[in-house]
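S.K.: Can you keep this structure in mind? I'll have questions shortly.
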Amino acid sequence: LAKTTQPISMDSYEGQEVNITCSHNNIATNDYITWYQQFPSQGPRFIIQGYKTKVTNEVASLFIPADRKSSTLSLPRVSLSDTAVYYCLVGRGYGGATNKLIFGTGTLLAVQP
Amino acid sequence: DTEVTQTPKHLVMGMTNKKSLKCEQHMGHRAMYWYKQKAKKPPELMFVYSYEKLSINESVPSRFSPECPNSSLLNLHLHALQPEDSALYLCASSQMDKSSGANVLTFGAGSRLTVL
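Residue numbers (my numbering), protein chains in the order written: chain Y, 1 to 113; chain D, 1001 to 1116.
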C-alpha cells in the first residue's frame, strides 16, 4: 500500500493561491492520486483525481511529476470557506483486498481574512 | 440521486445496548465502505463490501458487525461497545468500473456515535 505524507497544517490569506504537496514514494504503477476535502463533522468530499502530469477542474489543479512520487494540489484564490482538512489518497479503490483506500494524516488549511 | 444517506445522524447508547447504523445509496455503486473517524484524526477504514460480499475487514473487533443486505444498503450492527468506540462513523460508496481509472469515494454525512 502506498503511504502518503502531507504537512500537518498550512496557513494562508484570502485571495492567495495555496499549494499542498503530498509524498507517495511507493506509489504503484496502476495507482491514481485522489484529493478530498473535509469540513468538521462532515464526510470527505472529492476534489480532483489524476494519474500523471496536470489535471484541472473548476475548483483545483493537480500537478504530478514524471516520477509520480509526489503530487501538489493547487487551490487558486482561496476564500474563508476553503478552511478545511485536505487528504490525498493513493490507490485504485475497487474494494478488493489489494485496493484499499487509506487516508493519511491530512493537511489542515486555515484561511485568514 | 448522487448522495449517500446515513441514519441516524446522532446515536447515544449504553455499553449493553444493541443498535445499528444504516447507509443507503442509489447511484448503482457496487462497493461500499465503513470508516471510523475520531476527533482531529483521519478516517480509518473498517470494512469494504464488493458486490455485496465482505472483501476487507481491517481487524475490527467483533462488537462491530457489518451487513450488506443488497447493493443499495449497508448496515453496521453495534453490540457491547466501549466508550472509546465513540466516533463519527462514515459510510462511502464507489463504482467498480476498472475502465475509468480509480474509483472515487462518495461519503455520507456520518453518524455521530456516543457510547456511555
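By construction, the Cβ of each residue, glycine as well, lies at the ideal position given by its N, Cα and C atoms.
Here the structure is a predicted model, which means the values were calculated and not measured.
Is residue 1063 (chain D) near the ligand ZN, going by C-beta to nearest heavy atom under 7 angstroms?
M.R.: The ligand ZN is absent from the structure shown, which contains no ligands of any kind.
S.K.: Residues of chain D with a CB under 9 angstroms from the CB of residue 87 (chain Y): which are they?
M.R.: 1042, 1043
S.K.: In its own chain, which residues sit with a C-beta less than 7 angstroms from the C-beta of residue 83 (chain Y), not counting the 5 before and 5 after it?
M.R.: 109, 110, 111
S.K.: Is DSSP giving residue 1084 (chain D) helix, strand or coil here?
M.R.: If DSSP states are grouped into helix, strand and coil, residue 1084 (chain D) belongs with the helices.
S.K.: Mark residue 59 (chain Y) as exposed unless 16 or more other C-beta atoms lie within 10 angstroms of its C-beta, in which case mark it buried.
M.R.: exposed
S.K.: Can you check which of these residues, D:1085, D:1102, D:1071, D:1075, is closest to residue 1029 (chain D) by C-alpha distance?
M.R.: D:1071
S.K.: So, for residue 1115 (chain D): in the same chain, excluding its five sequence neighbours on each side, which residues have a beta-carbon less than 7 angstroms away from its beta-carbon?
M.R.: If we look at residue 1115 (chain D) and ignore the five residues flanking it on each side, its Cβ neighbours are 1013, 1015, 1081, 1082, 1083, 1085, 1086.
S.K.: Quick check on residue 1107 (chain D): buried or exposed, where buried means 16 or more other Cβ atoms within 10 Å of its Cβ?
M.R.: buried
S.K.: Within 8 angstroms of any Cβ in chain D, is that where the Cβ of residue 105 (chain Y) sits?
M.R.: yes
S.K.: Take residue 22 (chain Y) and list the residues in its own chain whose beta-carbon comes closer than 6 angstroms to its own, dropping the five residues that flank it on each side.
M.R.: 4, 6, 71, 88
S.K.: So which residues of chain Y does residue 1107 (chain D) contact, with C-beta pairs closer than 9 angstroms?
M.R.: Near residue 1107 (chain D) (Cβ distances below 9 angstroms), the residues of chain Y are 36, 38, 42, 43, 44, 45, 46.
S.K.: By Cβ distance below 6 angstroms, which residues in the same chain neighbour residue 18 (chain Y) in space, the five residues on each side in sequence not counted?
M.R.: 12, 75, 78
S.K.: For the stretch 51 to 105 of chain Y, which segments carrying the beta strand (DSSP E) assignment without a break, of at least 3 residues, lie completely within its bounds, in sequence order?
M.R.: Complete beta strand (DSSP E) runs here, min 3: 53 to 56, 61 to 64, 70 to 75, 84 to 91.
S.K.: How about residue 1043 (chain D) and residue 1090 (chain D): do their beta carbons lie closer than 8 angstroms?
M.R.: yes
S.K.: Roughly how many angstroms separate the alpha carbons of residue 46 (chain Y) and residue 1036 (chain D), rounded to a whole number?
M.R.: The straight-line gap from Cα to Cα measures roughly 18 angstroms.
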